[in-house]
Each structure stands twice: as C-alpha cells, then as structure tokens.
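Trainee: Sequences listed follow chains G and S, in order. The opening residue of the first sequence carries number 1 in the UniProt record's numbering; numbering runs sequentially from there. The opening residue of the second sequence carries number 1 in the UniProt record's numbering; numbering runs sequentially from there. Glycine residues also receive a C-beta, built at the ideal position from the N, C-alpha and C atoms.
There are 2 protein chains.
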Amino acid sequence: MASTTQQPTALERATTAGPVRPTPATTRLSPVPPGAARISAGWWADRQAANGERAIPEGRRHLEEWGNLDNLRIAAGTAGGEVRGPVFADSDVYKWLEAAAWEHGRSPSEQLLADIREVSALVAAAQEEDGYLDSVVAERGSAVEPGPGDPTGSRERYSHLPWSHEHYCAGHLFQAAVAVTRATGERQLLDVAVRLADHLVETFGDGAGQVRDVDGHPVVEMALVELARETGDGRYLELARWFVEARGRGLVAAHGHGPTYFSDRVPVREATTVEGHAVRAVYLAAGAADVAVETGDGELLEALRTQFAHMLATKTYVTGGLGSRWDGEAFGDPHELPSDRAYAETCAAIGGVQWAWRMLLATGDAVYADALERMLFNGFAAGVSLSGEQYFYVNSLHVRSGAHADHERSPAGGRQTWFGCACCPPNVMRTLSSLDGYLATTDARGVQLHQYAPGRVEVDLPGGRVRLDVETRYPWAGTVRVRVEEAPSGTTLALRVPAWAEGASLRRDGHSEDVGPGTYAEARDVREGDLVELELPVRPRWTRPDPRVDDARGCVALERGPLVYAVEECDLPDGVLVDDLVVSEDELPTDAGTDEDLGGAVRVRVRGRRRAPGPEDAVEVLAVPYPTWANRGPGAMRVWLPTT
Amino acid sequence: MASTTQQPTALERATTAGPVRPTPATTRLSPVPPGAARISAGWWADRQAANGERAIPEGRRHLEEWGNLDNLRIAAGTAGGEVRGPVFADSDVYKWLEAAAWEHGRSPSEQLLADIREVSALVAAAQEEDGYLDSVVAERGSAVEPGPGDPTGSRERYSHLPWSHEHYCAGHLFQAAVAVTRATGERQLLDVAVRLADHLVETFGDGAGQVRDVDGHPVVEMALVELARETGDGRYLELARWFVEARGRGLVAAHGHGPTYFSDRVPVREATTVEGHAVRAVYLAAGAADVAVETGDGELLEALRTQFAHMLATKTYVTGGLGSRWDGEAFGDPHELPSDRAYAETCAAIGGVQWAWRMLLATGDAVYADALERMLFNGFAAGVSLSGEQYFYVNSLHVRSGAHADHERSPAGGRQTWFGCACCPPNVMRTLSSLDGYLATTDARGVQLHQYAPGRVEVDLPGGRVRLDVETRYPWAGTVRVRVEEAPSGTTLALRVPAWAEGASLRRDGHSEDVGPGTYAEARDVREGDLVELELPVRPRWTRPDPRVDDARGCVALERGPLVYAVEECDLPDGVLVDDLVVSEDELPTDAGTDEDLGGAVRVRVRGRRRAPGPEDAVEVLAVPYPTWANRGPGAMRVWLPTT
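1) Among residues of its own chain, excluding the 5 on either side of Thr417 of chain G, which ones have a beta-carbon nearer than 7 Å to its beta-carbon?
2) If distances are taken between C-alpha atoms only, which option among S:Arg265, S:Thr27, S:Ala228 and S:Phe174 comes closest to Ala246 of chain S?
3) For Trp326 of chain G and chain S, any beta-carbon pair shorter than 8 Å?
4) Below 6 Å CB to CB, which residues in the same chain sit around Leu534 of chain S once its five sequence neighbours on both sides are set aside?
5) I want to verify the contact list: residues of chain G whose CB lies under 8 Å from the CB of Gly554 of chain S, in sequence order.
6) If you reduce the DSSP assignment to three classes, tell me which class Gly149 of chain S lands in.
7) For the region 312-341 of chain G, enumerate the residues whose C-beta is nearer than 9 Å to any C-beta of chain S, in chain order.
8) Does the region 236-246 of chain S come within contact of the region 282-300 of chain S, defined as at least 3 CB pairs closer than 8 Å?
9) Run through the DSSP bridge pairs and tell me what Gln448 of chain G is partnered with.
10) I'd like to know if Asp550 of chain G contacts chain S, where contact means its C-beta is closer than 8 Å to some C-beta of that chain.
11) In three-state DSSP terms, what is Tyr565 of chain G?
12) Checking 8 Å against the spacing of the C-beta atoms, do Thr431 of chain S and Phe392 of chain S come in under that value?
13) Under 8 Å between beta-carbons, which chain G residues line up against Ala403 of chain S? List them in chain order, please.
14) Could you compute how far the alpha carbon of Thr272 of chain S sits from the alpha carbon of Glu302 of chain S?
15) Could you confirm whether any beta carbon from chain S is found closer than 8 Å to the beta carbon of His167 of chain G?
16) Is DSSP giving residue 648 of chain G helix, strand or coil here?
17) Please classify Pro573 of chain S as buried or exposed, where buried requires at least 16 other C-beta atoms within 10 Å of its C-beta.
18) CA-CA distance, Glu230 of chain S and Thr643 of chain G?
19) Indicate whether at least one CB of chain S lies closer than 8 Å to the CB of His511 of chain G.
20) Assess contact between the region 468-475 of chain S and the region 508-515 of chain S, defined as three or more Cβ pairs (one per stretch) separated by less than 8 Å. Is contact present?
21) For Arg548 of chain S, which of G:Arg611, G:Gly510 and G:Gly463 has the nearest alpha-carbon?
22) Taking 8 Å as the CB-CB limit, is residue 646 of chain G close to chain S?
23) Between the region 578-605 of chain S and chain G, which residues of the former have a C-beta closer than 7 Å to a C-beta of the latter?
24) Just to check my reading of the structure: Val180 of chain S and Arg155 of chain S have Cβ atoms closer than 8 Å, yes? What is that Cβ distance to the nearest angstrom?
25) Taking Val225 of chain S as the reference, which of S:Gly234, S:His217 and S:Pro218 has the closest Cα?
26) For His165 of chain S, does the three-state DSSP call read helix, strand or coil?
27) Cβ of Thr431 of chain G less than 8 Å from any chain S Cβ?
28) If you draw a straight line from the C-alpha of Val484 of chain S to the C-alpha of Ala523 of chain S, how long is it?
29) From Gln307 of chain S to Met222 of chain S, what distance separates their C-alpha atoms?
30) Extract the residue ranges of the alpha helix (DSSP H) inside the region 171-255 of chain S, only unbroken runs of 4 or more that lie entirely within it.
31) Would you list, in sequence order, the uninterrupted alpha helix (DSSP H) runs of no fewer than 4 residues that lie entirely inside the region 352-384 of chain G?
32) Among residues of its own chain, excluding the 5 on either side of Asp340 of chain S, which ones have a beta-carbon nearer than 6 Å to its beta-carbon?
33) Can you tell me whether DSSP reads Asp595 of chain S as helix, strand or coil?
34) Have a look at Gly414 of chain G and Pro475 of chain G and give me their C-alpha separation to the nearest angstrom.
35) Can you name the residues of chain S whose CB is closer than 8 Å to the CB of Pro547 of chain G?
36) Rounding to the nearest angstrom, what Cα-Cα distance links Ala618 of chain S and Ser584 of chain G in this structure?
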C-alpha cells in the first residue's frame, strides 16, 4: 500500500519508544525507539509486508463481521441489537489498534491512520461517564463461570472478575493507546485509556481490597506499567504492583477452574515455575518483570529468573511453544510435552516473547534473547500463514495421517482466517508490526544486536549517533555483516552468538576469532567504516530430546540455525505415512536448496527408511522449516522423528 | 452386614435375568440369571464385599450430602431450597439404586431393601403428572451450552437436549427399575419407569422428529431395549432404534462442542471407529448392539464389530482404558494414547465392558471376552480403592514425581471419596454388584466360562441342570479347576483361553492337551464328577507397544496373566524417581510373593538401572498390579517402562 504522507526520518519518529520503555537506569539494556532498528528484507520483512498489506486490513473487516465493532456502537448507543462474541471481544479491537499503530509507525499510511482514528472514536464513544469501558459486560453481563448448569449472568461491574476479563480488556486498551500515541503522536485514545485507568485506580487503588478479586486473565499489569511510563503517573505503576502482589492468594479460586489455572495458587515472588493457563501465566510474569524493574524489586526479579529457567528446562517445546494441555490451555507437569496434543497457543509464544524481552532488558542475559529467537522463529511464526492472513491457534508438533479436525483450533484442519475466540490473529499482527523493536538495544557501552535480519540501526548514544548497516541472509545462511557507518569513539558492538552456534567466529579487519555460543561477541571501539562479520554455523543438526519427555523418546528433531524443521506427509513418496518414517541419527541431513514457494526457505534432505507394515524401504524426504508447514494445505506432519 | 432374610436358592432368584437379557434366539450366547453364577472368594469377591459393606452404604450418604436426594424432594414439593449439583444429578441416584438392587440380589439385606424402597419412593414422588421426571431441569432449567458468555437457562422440557441429559437420566432410571424388579421382584420403580418411558414414546415416538434433538449423552438406548425386554413393550425398542438411527445426522451439532463430541458426526451404521466423548460413544455402541440383536439388524452389528476392532487396535490403552483426552473426555486419533494425560475415565471402562459383553453375547467371539477381562481387571478395577469407597475418575498410566494435582479428578491427588460430577462412583458400585453375571453364558450345547474366579455356576439347560464348582487362585495363579457336579448328557463345557495365554493346556481325566490362546477350549460331554482343569501360563511377561504410540516408544509394559503392572515410586530406593528407572527387555521380571496389604496381589520383581543424573546404579523394585496402585497414598507411577 503506497503511502502519501511524507515520511519522517527514523530519528524524527524515534522521539518516544516502542512497546516497552523502561525508565532509564532500571534495566541493564535499553530498547531502541521505534524506527531506530529497521528490517529491510528477508524472512521477517516478508512476514511484515504480508501483515501490513493483508492481515491488518483483513483484520478490520473481521472485527466488523464478527460484531466486535458493533459491540462498541451498541454500548455507545449508536447502534441497536445485541452484543456478540466472547466477553473479551473488546480486546481484539484493542490488539488490532495496537497492530495498526505500530504498522503506521513502520510504514506510514493515510488510510491506516484514518482507520485508527475511526476505530479509536468508536472506543471513545463506548466509554461511560466515569471512565468505565467494557461493551460486552455493560450490555450483556458476564457469566459467573463457564460451566454447564450456571445460567447466571450479571451486568454489575467487576462482579465476576475471574471470568469477565474487564481488567484484561482495559490492559489491551492501555497497550493500544500507548502504541497509538508513540507511533502517531495522537492522544485521543490515550485520553480514553487514562480515564479508564483513573477509574481503575479509584476502584481498586487503595490496595485494601475494595473488591475481592483480581482479573482472571492477567495483562493489565504490564499495560498499567507501560501507561505509567508513558504518562508519568505513578499511581498506575502502584496499581500494577498491587495486582501482581495480590496474585497467588486464592482470590480467583473456585470459579470453575482451580487457582492454578489463574496463576493464583502461589504468590509470584514465591513461585518456582510457571503453571496453569499458559497465556495468563506468561502475561503475568511479563507484567511482574515490569513491576520488578520499575520498583527495583530484586527479589521479584530473581523469582522470575528462576521461573523462566524452569520453564525453559522443563516446560518449553523444542519449537519454543508453551502450554502442553488443551484442557485448560495450560502448562503441564515438568517434561509433560506431548507432540500430538501440544497446545502451544500462538498467544503463549507471543507472551513468552514479551516476558523474555523484559527479562533480557532487565538482565542483559543472552539466555533470554536465545529463548526469544526460538519462540519467534518457530512457535510464533508457525501461527500465521506465509500469506499473512491465516492463523493457527494451536501449534502441534505432530499431526497424524488422517487426523480428525474436531475443533476450529485443531491443526489437522489447517490455519483459519479467524476464530470465534479471536485472541491470536490480532496478537500476531501487533507482534509483527512491532518486531523491529526486538533487534537491538543500547547500554552505556554501545549497541547490542540480539536478532539478525538485513536492515539498519540508527540510534543516539550519549556520545553520539551510531549507524549500522546489517547485511545477512539469516536464518538461511549464517553470515551477518555489520558495517559501521557512524559511531562515537569507544562504542562496543555486541553480537549475540546463539546457544546452538557451536563453532561461531567473529571477523574484523581480516582478523577472525572463535566466539562461544550463548554469549555476546564484542567488537570494541568500532569506528566508521568498520566491517564486523559474525559467522554462525547454520547447517542441519539433529537434536536429541530430554529422556524424560516421553513423547519424544527414541526420536530426534532436525534443526538448522534458529529453525526447527518438520516432515510433511505431502513430501513423502505416495503411500508412505509420516508415522512410517524412521531416521538414523548417524546420517546427518543435508541442505536441499531454496524453495521460493515456502518463503525462500532452505529445505533439508532427510534420508530414512519406511517402517513396517511393508518392506523397510529407503525413503528420502525434503523437510521444511516448522514455520512454513501447512502452507500447502493441511496434512500430516512430524517434528520429532523416530530413530528406532 | 448380616442379613436376616431367608436366602432363596440361586435358582429361586434366577427367575428373571441380570442387567442384560436378550430375547432368546437373537444372540449366540445367553447370559445366566442372577445368582446362577456366583463368585465366592478371591480378588473379585473382596472387591464385591467392600462394595456391599462400605461403598453402597456410603453412597447413599453422599447422595444425601451432595443434594441429589434433596433435589428429588424439592421437585416433589416436600422440601424447600434450590436444587444442587450438575444437571444430571438424578442419574447418580438411579445408578446407586441399580447398584443396591443387584447387591440385594447378590447378598440380600433388609436394610438395603428398605433403602431401595425409600429412595424409590423419593423418585416416584418427584415424577410429574404426565410421567416427566427430571428434578434439576424442572426446578432450575438447563443451560444451553457449557461455555462462557451463555447465561441463558430454560426450564422448558427437552429444549436443550444436547446438554440437559433428560434422556440420559431417564435411561439410568430404566436400568435401575429393571434391576430393582429383577433383583427384588418389587415393581414400584418399574411403574415409574414405564410412565416416563410412555411419556418419551408419546413425545419422541413417531420417528418423524417432533423435536429437533437427540440427547447429547447416550444411555437411554440400551436402557429402553432392556425395558422392552422386561416389559415386553415393543414401543420402547422402537424408540431406542429411532434414537440410534437419528444419531450421526447433525442433530446435536453446534452446541458448544462439535458433532464429534456427541457421537453425532457419522450414523452409527456407517461409522468405522469410535470417536468423541468416550463414555457417550461406548454407551451408544452398547445400545446399538442391543438394538441390532433385537431387530436382527446384521448390518448394524457388523458395523459395531468393525468399530470395536478399530477401538481395540488403535484407541485402547494396554490397561483397557478408553478415551485419551482430558479435553472433551474424548477418544483421540488412532494411536494417540498418552500415558501421563490418559483420561481413561472409569465410566468409559464400564461402558467398554457393557459393549464388549453385548458383542460377546451376540457373536460368541472370544475377542470380546478378552477385551472385557482386560478392561475389568485394569482400567475398571483401578477406578476404586481396595477399601472400596475411594475412586479415580481418571486412570492415568503415568504420574510424575511431584506432579501437581490441579483438578479433583487428577490421579496425582489420589482417589477421592466423591466428585462434584459423581458419575463414576455409583457406576463402579453397580458394576461390582452385578459382576457375577459376566462369568458364564449358555447356548444350546452347554456352558461357557468367560471369566475365572472361585465360585459356582448352577444353570438350567433344556436338557437339565448344570452345576459347576470352580476352584482357582486366578488371577494370581493360572490353574482353573472346574468340577462338574451335575450335567445333562452331551453338555459341552467351554473355557476361554485368554489371548495372552500362549502355552495353555486343558486337562481332563489325566489327559492334557494344548489349547490355543484367543479361543475357547472345549470339554465335550462332561458328566457328574468330571474334573476339567485349565492351565494358564500366569507369569510375568514384557509387552511391547505399537510403534505408532509415541508415548510408549522405547518402553515395555509388564503384564502377568490378565493384569498390567505398575511401578510406584514409593517402592523405589530413596532418591530414585520413577522417571529415572530404565529396564532391560532381556531380563524377565520374576514373581516376588504375595502382598496381603495389596489385596493379596502377587508382586513382581523388576531389575533395572537408574538413568542419569547420577550414576547408573542397579535398581530393583517390586511392581504392583495396576488396579492396586495408589492404595498406599498418591504418588508417582509408571506403566510403560523405558528400556533405553
């Protein structure tokens, strides 16, 4: 979509911040302003283009079609009829607004700006006199719990917070308002957000428990912190802190699900793992991380470190997917990671990215950038089609031949254009349109590159401006060339060496040195004209599972660079089922060239054999990157491949 | 509990039939009347004693405590207040009544008879003028669907059949009424049942679809057939036939779950597998089997054969457990059989037994008696504690060390005394109190013994009475001695040789011959004084999984006779977790003596080693029969044991 506005320079746009702007000095690393890091080509640029050109415009149409916008009109009294959709329908509007705002920041468009203004005006009109805003609860009320035999509804505000999602919707509004303000400079939606936030402060703000519940679905915590950062109003941070502290004290118990589901079994600072509903758990943790850094709460931050580490070690799929259970959309027990029934909700991968990003900013620890990359390239990217407008809600690691799609979320049925519960699609949109913000950070010593994509970084450090040009074919190839166009003296350029990159090296001025995986390789005192080249060993490798993951026992996964690979049945010889394939760990797969129909993916040749029934014939198959599976129609697929 | 009534002889009681009495000539085999086959000692006698002495009396107290009986009083207008519990609360009362009736038949007791009369009177009083009976729907209404954002309820009869369970409750009433009539000779409850059945016939009976739905939860089908058998009223059979035929035509779609969940995606006679909610699916199949035999519908029976075979081959746990998903309590795709998240509801094992029994009667095929035995000894028996009054709803095959019980049904939390949704406990009770009926059948040639327990069989054949005395320590030992006390000339005694019993032999008059597993060994023309001895090779054996069952890959299961074994962490050396254990397929486990604290179970010594972390030390553990696990407190457990 061509833009007719005059584009500001990166630095003109970069007067504010991206989705997360910690108060300086509360974190180890600072995010760069929006526009300061730009992806210009390659895998992620293609995803962003599809997102901007198709998904976001389509998204607005879906919000119209599914009633979300009508709900706001009904609440405003400008339309008749009954509100539709789930109780949290407003949140999809807010996520879409956030996506549109960041997209406008990334690629300004009068049309998009007009859309943002129009939809924002619908939101503003639905707000009540005293700031309260929730079209569905106001008009239809919320059920006490989602179970049979409970026909009770109530339109009384905040009377059923475990299920009403009123704070959840407010949180997404705050995030949207911050995005619109930062990306467009316009403050109408921020005014709406501030009025609602003030209303929340008045209603819940004394910390003494005027109401008995916290919201069943976290997100308001990180949103309130960001609103505090944007407005400078400390009451919002204080309210966020109270919501985090109130968690785990049984406030949300006994509402259809137990307290575990709601992250309400154990206080956040005492928890040692993540549990319950995965999206709720990681959203809460991300908000707690925001609270921890803004309040200087080292104990809370340390607890979050422990939880994140335990999640990575025992409750994260090789794809970075989070949440192993359909039932309750929940984290299971440690090492409970079924492939076929992996839930691995797209929203959970997004929440995982948000939490990892906050932990990375807080600590500077490469483990978080590694986790973020794994989640982003696999569990998140698989959630959207290459064309940009079809979505997986659930990201399985195994679909059987002839598997029966008995649910709109079932991966066996392929990606869908929208869902009755449409949390994932606009969540994907806002993540893609704000993705550039995850590439780089700064600190007193210089610039850190955490994720690799061709593009530019232009950012002002205290000593002067840094301009970097990044050239790479990552993730398909492992060479990352960073040309320093400008840098104040003494600037250190730090490049993440992924944990999988055994044998990586850093070259500068013809000198090459080995750099250890899972760390940052540093080029010190870089100057204008310097070329710093990181060489990552991007080639196929087998990954063995933890022996305690039952479903993956006797299997290997194929990885290449940051990507996990999958075998799709459509690539197997006729009559060979994906579950017939057995591979040998001794025979390493090899690159098999680029597939333009799969987003330019490098495919990998896997040689195996066919298990009985039938003779044990040799079988060869070209595996595809996990995020590209199911782009040629739905079908059978495996990530973990049996070796015996 | 001592009985003060004078006990009738077996044959005096055997004037009617057990739970299933097909019209003669519609099936290959005929069940024996209640009391004709009696278990006198051993494993099942102990379970029955605990059931009669503790579970059934406790059950009545639970029905009082949880409001089920009050609901009936409220509907009758003899008590105030609001009805409690799930919409199908009445069905628990009916299952309890059925259990009490069979128990009275098994072991007559004035107290129990008084209880039956009293509870039956509550049921009768709650019935409405025109025969309608459902205390919860009448008083509170039923929600349209069990999902959030649907606060609508309706007290209009049959307006929400997919979720209202009105036919389901009626079905359980019919089964209870048939049981009370057959076991006590009293007909008050049968009159209630007939009035309700007549009302159903009038409301749904023209087959032209006066209402748009069939009940979301089958059971009324087999219950109506049995009521037809008991009363001779063919309209009930016709209604059952119509309910079976109406299935699979999309009547129940789009009510929160898709049609798959409700067994409503494919017509029963066209289905090739079982799918959706496991209990619903097998109850429907059992009812369809009844309809098929009574209407001589060979096509329908053949379809059920195919479905049963596919279930056994691809959707049945080694424990006989059915239903692999917590989400929707459902059968999954073929070979989707997770150990840790196995749902394997106790009720599904019971429904599996009911279906298998009807297929066995219809066909005489040993495969059904084999399946029945596996389900009964493992997936069913694990559902109740040795003490008789604590229940598992869910029968997992793997509980991890430190697993978090986040649900009252979670096996990690151990067995419970009752549940908010209490379908399983009274279902266990009625199964145990009617269990003798599954031991033996008759046909024109003689008597078939399908299940082995010490006891007696006394049954009249056309040519005269057969009296058998069975002596065995089965399942702990493999010798089954059948002494013929009386038999008309030409009687054939057929003894099932289980499919696992490779190397079995039959001895008679000092002559021994090998008999093939998975068949019936026949002793022809048995006469008074004959001793027929079946020798089954009951010893530990390793069972390898289907390679397509991911969760069991690289594992073996320990079996011994009809029992699956489990390793409990409490039996491992200190500090060794159940998930640390690795066994060698090459080393066969050995018997390790009887454990009186575990119901006289023979334990089995398994030698393995401890996997890293830590040195790979040799580890020895005494495995326990699966139905005896979790009788020493909850804890970690595995059925499938890794070999690598």
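Mentor: In short:
1) For Thr417 of chain G, where only same-chain residues beyond five positions count, the Cβ hits under 7 Å are Glu389 and Gln390.
2) The candidate whose alpha carbon is nearest that of Ala246 of chain S is S:Arg265.
3) Chain S contact via Cβ: present.
4) Around Leu534 of chain S, the same chain offers Val480, Leu495 and Leu506 as residues with beta carbons nearer than 6 Å, after the five sequence neighbours per side are excluded.
5) Here the neighbours are Arg553, Gly554 and Thr644.
6) Because Gly149 of chain S sits at a pLDDT of 36, beneath the cut-off of 50, its placement in the model cannot be relied upon, and the following sentence gives the value as read from the coordinates. Gly149 of chain S: coil per DSSP, three-state reduction.
7) Within the region 312-341 of chain G, the qualifying residues are Ser324, Arg325, Trp326, Asp327, Gly328, Ala330, Gly332, Asp333, Pro334, His335, Glu336, Pro338, Ser339, Asp340 and Arg341.
8) The region 236-246 of chain S vs the region 282-300 of chain S: in contact.
9) As DSSP reads the structure, Gln448 of chain G sits in a beta bridge with G:Thr441 and G:Ala494.
10) Residue contact check for Asp550 of chain G against chain S: a CB pair falls below 8 Å.
11) Three-state DSSP puts Tyr565 of chain G in a strand.
12) It is not a contact, given that the beta carbons lie outside the stated cut-off.
13) Per Cβ cutoff of 8 Å: Asp333.
14) When only Cα atoms are considered, Thr272 of chain S and Glu302 of chain S end up about 10 Å apart.
15) With 8 Å as the cut-off, His167 of chain G does not count as an interface residue toward chain S.
16) Residue 648 of chain G lies beyond the range of chain G shown here (1 to 644); nothing can be said about it.
17) Classification for Pro573 of chain S: exposed.
18) So the two alpha carbons sit approximately 57 Å from each other.
19) No, its Cβ sits nowhere closer than 8 Å to a Cβ of chain S.
20) Short answer: they don't touch.
21) With distances taken between Cα atoms, Arg548 of chain S lies closest to G:Arg611.
22) Examination of residue 646 of chain G is not possible in this model, given that chain G is present from 1 through 644 alone.
23) Hits within the stretch, in order: Asp579.
24) 29 Å between Cβ atoms; not a contact.
25) The candidate whose alpha carbon is nearest that of Val225 of chain S is S:Gly234.
26) In the displayed model, His165 of chain S falls within coil according to three-state DSSP, outside both helix and strand.
27) Answer no: the Cβ-Cβ gap between Thr431 of chain G and chain S never drops below 8 Å.
28) When only Cα atoms are considered, Val484 of chain S and Ala523 of chain S end up about 11 Å apart.
29) When only Cα atoms are considered, Gln307 of chain S and Met222 of chain S end up about 17 Å apart.
30) As summarised for the region 171-255 of chain S, the continuous alpha helix (DSSP H) elements at least 4 residues long and confined to that stretch are 188-204, 220-231 and 234-246, given in chain order.
31) Counting only runs that start and end inside the region 352-384 of chain G, the alpha helix (DSSP H) elements of at least 4 residues fall at 366-374.
32) His398.
33) Looking at Asp595 of chain S - three-state DSSP - the assignment turns out to be strand.
34) Their backbone Cα atoms lie some 25 Å apart in a straight line.
35) Simply Arg611 and Pro642.
36) Using only the alpha carbons, I get a separation of about 29 Å.
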